[in-house]
Structures are given as structure tokens and as C-alpha cells.
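Visitor: Quick note, the sequences are listed as chains A and B, same order.
Take 3 as the starting number for the first sequence in my numbering and just add one per residue.
Take 3 as the starting number for the second sequence in my numbering and just add one per residue.
One structure coming up, written as C-alpha cells, with questions to follow.
There are 2 protein chains.
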Amino acid sequence: MSETKPVILKIGGSVITDKNGDLAAKTEVINRLAEEVAKANIKNLIVVHGGGSFGHPTAQKHGIKEGFKHDGQKLGFAETHHVMTVLNGLVMDAFVWHEIPAVSVTPSSCVITENGRIKQFEDAALRMLLKMGFTPVLYGDVTLDEKLGFTVLSGDQLVAHLAMKFNACKIVMAVDTDGLYDVDPKTGKNAKLYQHFSLAQLQTLKLGTSLAKDVTGGMSGKISELLPAVEKGIPVSIVNGAKTNRVYRALAGEKVEGTLIEKA
Amino acid sequence: MSETKPVILKIGGSVITDKNGDLAAKTEVINRLAEEVAKANIKNLIVVHGGGSFGHPTAQKHGIKEGFKHDGQKLGFAETHHVMTVLNGLVMDAFVWHEIPAVSVTPSSCVITENGRIKQFEDAALRMLLKMGFTPVLYGDVTLDEKLGFTVLSGDQLVAHLAMKFNACKIVMAVDTDGLYDVDPKTGKNAKLYQHFSLAQLQTLKLGTSLAKDVTGGMSGKISELLPAVEKGIPVSIVNGAKTNRVYRALAGEKVEGTLIEKA
Numbered sequence: 003m004s005e006t007k008p009v010i011l012k013i014g015g016s017v018i019t020d021k022n023g024d025l026a027a028k029t030e031v032i033n034r035l036a037e038e039v040a041k042a043n044i045k046n047l048i049v050v051h052g053g054g055s056f057g058h059p060t061a062q063k064h065g066i067k068e069g070f071k072h073d074g075q076k077l078g079f080a081e082t083h084h085v086m087t088v089l090n091g092l093v094m095d096a097f098v099w100h101e102i103p104a105v106s107v108t109p110s111s112c113v114i115t116e117n118g119r120i121k122q123f124e125d126a127a128l129r130m131l132l133k134m135g136f137t138p139v140l141y142g143d144v145t146l147d148e149k150l151g152f153t154v155l156s157g158d159q160l161v162a163h164l165a166m167k168f169n170a171c172k173i174v175m176a177v178d179t180d181g182l183y184d185v186d187p188k189t190g191k192n193a194k195l196y197q198h199f200s201l202a203q204l205q206t207l208k209l210g211t212s213l214a215k216d217v218t219g220g221m222s223g224k225i226s227e228l229l230p231a232v233e234k235g236i237p238v239s240i241v242n243g244a245k246t247n248r249v250y251r252a253l254a255g256e257k258v259e260g261t262l263i264e265k266a
Numbered sequence: 003m004s005e006t007k008p009v010i011l012k013i014g015g016s017v018i019t020d021k022n023g024d025l026a027a028k029t030e031v032i033n034r035l036a037e038e039v040a041k042a043n044i045k046n047l048i049v050v051h052g053g054g055s056f057g058h059p060t061a062q063k064h065g066i067k068e069g070f071k072h073d074g075q076k077l078g079f080a081e082t083h084h085v086m087t088v089l090n091g092l093v094m095d096a097f098v099w100h101e102i103p104a105v106s107v108t109p110s111s112c113v114i115t116e117n118g119r120i121k122q123f124e125d126a127a128l129r130m131l132l133k134m135g136f137t138p139v140l141y142g143d144v145t146l147d148e149k150l151g152f153t154v155l156s157g158d159q160l161v162a163h164l165a166m167k168f169n170a171c172k173i174v175m176a177v178d179t180d181g182l183y184d185v186d187p188k189t190g191k192n193a194k195l196y197q198h199f200s201l202a203q204l205q206t207l208k209l210g211t212s213l214a215k216d217v218t219g220g221m222s223g224k225i226s227e228l229l230p231a232v233e234k235g236i237p238v239s240i241v242n243g244a245k246t247n248r249v250y251r252a253l254a255g256e257k258v259e260g261t262l263i264e265k266a
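This is the structure we're talking about:
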């Protein structure tokens, strides 16, 4: 590992795909984000992206998250992984084109889960990539699971795991809203954006409950995954990846509209 | 691991790409081979494919095989891996389309080499895939290397490694000639095809020398990689992947034109 603590950038599936489409990538957004990542020029960066309309509908159709029930699902597992590599390929294409030394690391090739939680992460290659100054790119993927046979591993769980493992200096979450709201801004009127959110505030929410779901504007699951990283003192900056330069500013440490979650 | 010993199929880069082109995939050949693999219906199959006009020119341009010399190569390493994932994506697309439960396993995500030889293969996911009856698909790739920084890992080295690791029952090598010739059939007149080749015959050749290069019709490096597997008693069937049904027949254990290399 190089001396500087890594920055972890999560690019939400809803930012780079059209969730209402089928395998519908927003290639212009992918291209702009690659440009912003290149411009920020972070030496020690790990990128994780979500599945959006690539991984999710395919995994759902075959019940992959719920685990192995019958042989007929195996093709669905294969297909879900394949479509995720297609989306990842579009991201890698844009990154390499923008001269980012980005190398994809395939979660299903090196992570084993147990009941959906990361149990074993064989990370020799990932560590060497970081040490040499590459930008590893991971993504939400299917995994083999010691209890379920197989399941789905979310990009958010990967982000929290990597942040803890490599003692990240910060996490930037690019989502499709301006940050964390008191009610879902897509449905609720007068939703209020939190500019700052503390660990104490987070802990008063019963994450995972419908209250928490409301209070975090539908981002309860995401926030719940990141809680241990925040507890460890890693700040999380939630910004709108659909709006130009928000990701760049968050990466570069400039003032940016969004929600900053910090321990204190 | 499931009880039956696996069959390992290597699909040469020269079979599925046009080596004279640039990123020129032979999608019709890929599609036909997927059909043959599906028809053979091998329960315990591992597939490895080469890089052809995807991996090789890119790796060569940036001197990736020779190892890390300067920062400028890093983008070349990223690009070489990326183009290999593009070729792999075309293979996976055809396999999944033909209802093979095929899952790509990314060598650069789980293999570390030392001076170009496999040093560490983190194979927990690969083992679980095999155990569950999936068809893992690997490919020639770049790798991080403990001595060289990075290098290139050939599909042939992967084949031999996997055959030994999983005690394969046979190896099928799909190449772009009818098998092993006494002289290169592409340049030499009256080249004679060996139908059978024994370990003793192989050992009399000084593999890697120009004599061996002649005697194996330009396939010296390939044969040299496979020697330890043959010594272990794993038969190697070399067939022409460019000709219809040769791969199918070799997989199904039917009589097929080609060269069979056996210990005795």
C-alpha cells in the first residue's frame, strides 16, 4: 500500500444507468464522470459502481439474491454477472480513454460471502494494484456464498468493506439526488436537504425501519452499510453524480452541495 | 469440487480473432464454438481463451510482458486488461446465449506471478464455481508480478496450472491448424501431421530450441507449457478450432482428426 490513505468513490447505478430502461447505460454521464475523476487526479483512488438497470433486473428475475434454490437459476447467475461486466466495460472504456490507469477487479472472482456478507476477500492483486498507483474499479456483482450457494453483493457493502480495510481518508457517494433529505425528494414536497449529518444523528435513526427510510430519503440501506465506516472516523460525502462537477469537487476537497456525514 | 475430474478446453486466440487485424474478433467462430461446447454438455468444464489480436498487440506496444520500467506503461497495462475483458465479453455473450452456465473468472483479480510464473492463485471462488457445476472461463491476461511489477500471463500457462491443480481428465487445445506437424504447415511444404505423440517423443525434443520450434510446427512454447501435465498422465488433444465439430468431437470423446499427446 502506498502511504496516502485511499479515497473511495462510489458511483451509484442510478447515476450511470436509466433504472426504467433495460440495460440502459447513460454513456454521456459515464464519460463526464470519467473526465471529472481524471481532472481530480487522486493518486490513491478506489472506484466502486452499482448495477442499475444492468445487474438489478436480471438478478431479480432469477432470485439470485435469495440464493440457490434450483439448477434453473444457474444461467441467471451467469447472466447477471455477464451484464455487470458489460456495464463495467463501459465504465472502464471511459476511464482508460481519459487516461486513468484504471484496472477492473472482479468481485465474484475474489470475494466469498456468507449469508450475503463478505466472508473472504482474496485481495493480493487489489493490494498490489493500489501499491503501484493503479485505480482499481470494483462493482456490485454476484458472489458465491457459503450459506446461500450464491447471492448478490452490493456496491455499498463493498465500499464500506474497502474503506475499513484500507483505512480510507474519505468516501464520496455519487447518487441521483443532491444528498440526504428528510423525506424522499422524488416524492415528498418541501424535502429538506441535510448539509451535515453526525454519527449521533444517524444512531438515533432506527436504520432499516420505515422511519429511517423516510428520514434518509429512501437511502436507509445505503447509510446503514456505511455506518461502521463513519464510526471509524471516515467522512462520507454524498453528492449528486448527475450534476456536473459535484463529484469532481467532492474528490478534490472543494466546497460542494451535498450531505457530509461525519463522526463528530 | 465435484467428483468428476474436469475437462479443460483452451480456445486459441488465433482461432477466435484475426491476428492480422486490430481488435478483430471472429464472432461467427465464437458463436459456433459456443454451440459445440453447449452440445458436448460437459458437466465439469473449465474454458481458457487466448488474447489474439486483442491482448497481444496492446501488451507488445507497451512492453507489458517485460515488466514495469516507467509510469507511462501503466495506462498500457490498464488498456491491455481492458481489451482482454472486451474479447472475454464476446465469448461470455455467446456462451450465455447458448445457455452454458459460464462465469468469467478474471486472472488479474486472483493470480499473482513471479517472473512471469504463477506464484499465488487465490482460487476460492473458482473452486466454488466448479463445485456448483458452473463453467468457469478464464483467459490470457495481465498480472501483477512480485519481481517484474507486472507482466503477461498466457492462457497456456493457465491451462497447465489448472489441469494440475484440479487433476483434469483431459485437455483439449483448439488451435488454428489440424494439430502438431513436423514442420510449420503454414510455411513448410508436405508438413506431416502427428496423430499421436508420446511423452518420450516430446522429451527428445529440446523444447524452446529452434529444432523444437520446427519439429512442433511453431507450437514449441505451447507444448513446453503442457509438458508437466502430460507427465502427470493428462492427455492433450490438439484439434483445429477453425473447423466445424472438431472441438465438439474432442470434448465428447469421439474420434477426431488432430494430435493426441499422451504419457505412454
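For glycine and all other residues, C-beta sits at the position ideal for the given N, C-alpha and C.
Considering only DSSP beta bridges, list what residue 271 of chain B is partnered with.
Guide: Lying outside 3 to 266, the shown extent of chain B, residue 271 of chain B is not represented and no answer is given.
Visitor: Considering only residues of the same chain and omitting the five flanking positions on each side of residue 81 of chain B, which have a CB-CB separation below 6 Å?
Guide: Once the five neighbours on either side are set aside, the close Cβ partners of residue 81 of chain B are 60.
Visitor: Examine chain B for any beta-carbon lying closer than 8 Å to the beta-carbon of residue 41 of chain A, and answer yes or no.
Guide: Not closer than 8 Å to any Cβ of chain B, the Cβ of residue 41 of chain A fails to qualify, so no.
Visitor: Tell me which same chain residues have a C-beta within less than 6 Å of the C-beta of residue 195 of chain A, skipping the five on either side of it?
Guide: So the qualifying residues of the chain are 180, 181 and 183.
Visitor: At 8 Å on the CB atoms, spell out the chain B contacts of residue 151 of chain A, in chain order.
Guide: Residues of chain B passing the Cβ test: 134.
Visitor: Using DSSP with H/G/I as helix, E/B as strand and the rest coil, what is residue 124 of chain B?
Guide: Note: residue 124 of chain B maps to coil in three-state DSSP.
Visitor: By Cβ distance below 8 Å, which residues in the same chain neighbour residue 98 of chain B in space, the five residues on each side in sequence not counted?
Guide: The answer, listed in chain order, is 104.
Visitor: Measure from the alpha carbon of residue 310 of chain A to the alpha carbon of each residue in A/36, A/48, A/117 and A/54, then state which is nearest.
Guide: Missing from the structure shown is residue 310 of chain A; chain A here goes from 3 to 266 and no further.
Visitor: Taking only beta-carbon positions, decide if residue 114 of chain B is within less than 8 Å of chain A.
Guide: Chain A, which has a Cβ nearer than 8 Å to the Cβ of residue 114 of chain B, makes this yes.
Visitor: Between the C-alpha atoms of residue 176 of chain A and residue 125 of chain A, what's the straight-line distance to the nearest angstrom?
Guide: Distance between the alpha carbons of residue 176 of chain A and residue 125 of chain A is about 25 Å.
Visitor: Straight-line CA distance for residue 264 of chain B to residue 162 of chain B?
Guide: Looking at the two C-alpha atoms, the distance is approximately 14 Å.
Visitor: Mind checking the segment 48-72 of chain A against chain B and listing, in chain order, the residues whose C-beta falls within less than 9 Å of any C-beta there?
Guide: Residues passing the 9 Å Cβ filter: 70.
Visitor: Check whether the Cβ of residue 91 of chain B lies closer than 8 Å to any Cβ atom in chain A.
Guide: True, the Cβ-Cβ gap to chain A drops below 8 Å.
Visitor: Which residues in the same chain have their Cβ closer than 7 Å to the Cβ of residue 145 of chain A, if we skip the five residues on either side of it in sequence?
Guide: Excluding sequence neighbours, residue 145 of chain A sits near 109, 110, 113, 114, 115, 152, 153 and 155.
Visitor: If you draw a straight line from the C-alpha of residue 132 of chain B to the C-alpha of residue 237 of chain A, how long is it?
Guide: In a straight line, the C-alpha of residue 132 of chain B is about 40 Å away from that of residue 237 of chain A.
Visitor: Using the Cβ count rule (16 or more neighbours within 10 Å means buried), how would you classify residue 14 of chain B?
Guide: Classification of residue 14 of chain B: buried, given that the 10 Å Cβ count is 16 or more.
Visitor: Note down, in chain order, each residue of its chain lying with its Cβ closer than 7 Å to the Cβ of residue 33 of chain A, except the 5 sequence neighbours on either side.
Guide: So the qualifying residues of the chain are 96.
Visitor: Is it a yes or a no for the segment 67-75 of chain A touching the segment 30-46 of chain A, going by three-plus beta-carbon pairs under 8 Å?
Guide: Judged by Cβ distances under 8 Å, the segment 67-75 of chain A makes no contact with the segment 30-46 of chain A, as fewer than three pairs qualify.
Visitor: Please report how far the alpha carbon of residue 120 of chain A lies from the alpha carbon of residue 149 of chain A, in whole angstroms.
Guide: Looking at the two C-alpha atoms, the distance is approximately 12 Å.
Visitor: Does DSSP put residue 151 of chain A in a helix, a strand or coil?
Guide: It is a strand residue.
Visitor: Using the Cα positions of residue 100 of chain B and residue 7 of chain A, report the straight-line distance between them to the nearest angstrom.
Guide: Looking at the two C-alpha atoms, the distance is approximately 45 Å.
Visitor: Whole-angstrom Cβ separation of residue 1 of chain B and residue 27 of chain B, contact assumed at under 8 Å?
Guide: Nothing can be reported for residue 1 of chain B, as the shown portion of chain B is limited to 3 through 266.
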